[in-house]
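Adding 2 to a residue's 1-based position in the sequence shown gives its number in this note's numbering.
Where is the CB? At the ideal position from N, CA and C, for every residue including glycine.
Here the structure is a predicted model, which is why all the values come from computation and not from measurement.
Worksheet: the structure to be examined is printed underneath.
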Amino acid sequence: MFNIILFGPPGSGKGTQSEKLIDRYGFKHLSTGDLLRSEIANKTPLGLEAKSLMDKGQLVPDEVVIGMIDSALDANPGVNGFLFDGFPRTTAQAEALDKLLSLKKSEIGVVVALQVPEEELISRMLNRAKTSGRSDDADEQVQRNRLSVYTRDTLPVADHYRTYGKVEEVVGLGSIEDIFGRLTAVIDSKKGAPA
Ligand code: ADP
Numbered sequence: 003m004f005n006i007i008l009f010g011p012p013g014s015g016k017g018t019q020s021e022k023l024i025d026r027y028g029f030k031h032l033s034t035g036d037l038l039r040s041e042i043a044n045k046t047p048l049g050l051e052a053k054s055l056m057d058k059g060q061l062v063p064d065e066v067v068i069g070m071i072d073s074a075l076d077a078n079p080g081v082n083g084f085l086f087d088g089f090p091r092t093t094a095q096a097e098a099l100d101k102l103l104s105l106k107k108s109e110i111g112v113v114v115a116l117q118v119p120e121e122e123l124i125s126r127m128l129n130r131a132k133t134s135g136r137s138d139d140a141d142e143q144v145q146r147n148r149l150s151v152y153t154r155d156t157l158p159v160a161d162h163y164r165t166y167g168k169v170e171e172v173v174g175l176g177s178i179e180d181i182f183g184r185l186t187a188v189i190d191s192k193k194g195a196p197a
């Protein structure tokens, strides 16, 4: 099993690239943002609690997302790897993930960190708001809040994995195909080319 964290700020293209990566490598895609939006769509109590935080650009509590990931790992035995997208977003989540994977005799193979300048992120998110229907995309103040939460709470996750030598930086500018090419080059060099 080869597991990847696709790491980067909101709007850096993790969702777009994740879809292409799962097509190419057959990873199981685990996006905490998607899992939370499905709770909201199903109007579960967890979804109701999460929505008000997400709409303000704040993080959902660690216990909640860690619980969701724990269940998703258990629900997918025998996959050839997981692609984590939007998770872990705090050091506590990273430590919990490392423990959950080690219980399954596995680990993170590589953390690919997409690098995109802040003004480009804001413009992508505002653009995405026109079609995504996501209530957290439309407001520039919420965007800025998400970016400051990212800098404060999420960037330390990269440092956590840097201490294990697992972080590879990838430029997240250019065409979708250009970025995909850079990502697959990194992944292939870490896991060996797909059969
Ligand atoms: P993006 O891809 O734009 O970063 P996501 O879809 O990953 O957005 O997440 C949307 C929102 O869902 C976040 O702003 C946050 O409120 C919540 N969320 C998603 N994943 C997590 C997580 N791992 N921990 C805490 N909150 C999360």
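Residue i and residue j closer than 8 Å at C-beta
i, j, result
"residue 170", "residue 118", "no"
"residue 33", "residue 88", "yes"
"residue 103", "residue 110", "yes"
"residue 123", "residue 194", "no"
"residue 5", "residue 108", "yes"
"residue 61", "residue 161", "no"
"residue 2", "residue 148", "As displayed, the chain neither begins before 3 nor continues past 197, which places residue 2 out of reach and without an answer."
"residue 173", "residue 90", "no"
"residue 152", "residue 47", "no"
"residue 85", "residue 178", "no"
Any non-hydrogen atom of ligand 1 closer than 7 Å to residue i Cβ
i, result
"residue 83", "no"
"residue 60", "yes"
"residue 35", "yes"
"residue 12", "yes"
"residue 119", "no"
"residue 89", "yes"
"residue 17", "yes"
"residue 145", "no"
"residue 67", "yes"
"residue 138", "yes"
"residue 148", "yes"
"residue 3", "no"
"residue 175", "no"
"residue 55", "yes"
"residue 38", "yes"
Pick from the options that is closest to residue i, judged by C-alpha positions
i, options, result
"residue 65", "164, 93 and 147", "93"
"residue 115", "38, 175 and 50", "175"
"residue 163", "19, 17 and 99", "99"
"residue 130", "10, 15, 3 and 6", "15"
"residue 49", "70, 30, 31 and 29", "70"
"residue 135", "57, 19 and 24", "57"
"residue 75", "165, 179, 156 and 29", "29"
"residue 182", "60, 3 and 8", "8"
"residue 157", "106, 139, 105 and 95", "95"
"residue 106", "177, 165 and 77", "77"
"residue 53", "137, 152 and 168", "137"
"residue 63", "72, 168 and 51", "51"
Chain C contact for residue i (CB, 8 Å cutoff)
i, result
"residue 97", "Included in the structure is just one protein chain, with no chain C present."
Ligand 2 heavy atom lying under 7 Å from the CB of residue i
i, result
"residue 58", "Ligand 2 is absent from the structure shown, which contains only ligand 1."
Segment contact flag, the segment 138-146 with the segment 70-81, C-beta cutoff 8 Å, min 3 pairs: Inter-segment contact for the segment 138-146 and the segment 70-81 is absent: fewer than three beta-carbon pairs are separated by less than 8 Å.
Stretch-stretch touch, CB-based, cutoff 8 Å, three pairs: the segment 37-47 with the segment 182-194: Because the criterion of three Cβ pairs below 8 Å is not met, the segment 37-47 and the segment 182-194 do not touch.
Completely contained alpha helix (DSSP H) runs for the segment 124-157, where each covers 4 or more residues: Fully enclosed alpha helix (DSSP H) runs of 4 or longer: 142-151.
Continuous beta strand (DSSP E) assignments of at least 3 residues falling wholly in the segment 160-191: If we require 3 residues or more, the beta strand (DSSP E) runs fully inside the segment 160-191 come out as 169-173.
Any alpha helix (DSSP H) of 4 or more consecutive residues that is wholly inside the segment 71-109: Runs found: 93-105.
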